[in-house]
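In our numbering, the protein residues as written are 32 to 146.
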Amino acid sequence: MDEDAARDACANLPSAELTHPFGFETAVYKVRGRMFAVVPLDGERPSITLKSDPQDARSLVHEHPAISPGYHMNKDHWITVDLDGDLPQGLVDDLIAESYRLVIAKLPKAQRPIA
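Written as structure tokens, this is what we have:
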């Protein structure tokens with residue numbers, strides 16, 4: 032999956048918003064003010080950092096060389112996915128959707144977007 036496709040997948044989720052709290056070199060996708068994806072736009076290695084269940088994160092890092100503990104994030108709850116790696120697009124889409132689901136699950140029910 033390329034960076035543009037990953038960014039589109041994030042942007043197309045219900046109530047997702049693109050923000051730049053760390054400057055315009057980093058795209059941060061939020062739902063109801065909470066981050067679920069971080070995409071560096073600095074032109075270096077294309078990647079996306081996503082929220083993940085701690086147990087799933089450990090397994091993913093162990094099984095896939097293109098997935099590492101979250102860059103500049105809590106290593107137990109975030110993973111960084113190398114978009115130049117050999118991961119199937121479907122897996123990256125699933126990881127983005129799971130990150131989004133983990134974040135909305137923590138929102139009060141009245142604030143959760145309707146999918």
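A virtual CB, placed ideally from N, CA and C, is assigned to each residue, including glycine.
Backbone secondary structure at residue i - three-state DSSP
i      : result
ILE131 : The question names Ile, yet the displayed sequence has Tyr at residue 131. Reduced to three states, the DSSP call for TYR131 is helix.
LYS140 : helix
GLU94  : helix
Nearest to residue i (by Cα), restricted to the options the options
i      : options                    : result
GLN142 : ARG63, VAL92, ILE110       : ARG63
PRO45  : SER83, ARG132, ILE110      : ARG132
ALA37  : VAL112, ARG89, PRO85       : VAL112
ASP35  : MET66, LYS61, ILE79, PHE67 : ILE79
ARG76  : TYR60, GLU94, ILE98        : ILE98
Cα-Cα separation, residue i to residue j
i     : j      : result
ALA47 : ALA128 : 11 Å
LYS61 : PHE67  : 6 Å
8 Å contact criterion, which residue i and residue j should meet: CB distance rounded
i      : j     : result
LEU118 : HIS95 : 6 Å
Stretch pair the segment 96–109 + the segment 76–88: three plus CB contacts closer than 8 Å: yes
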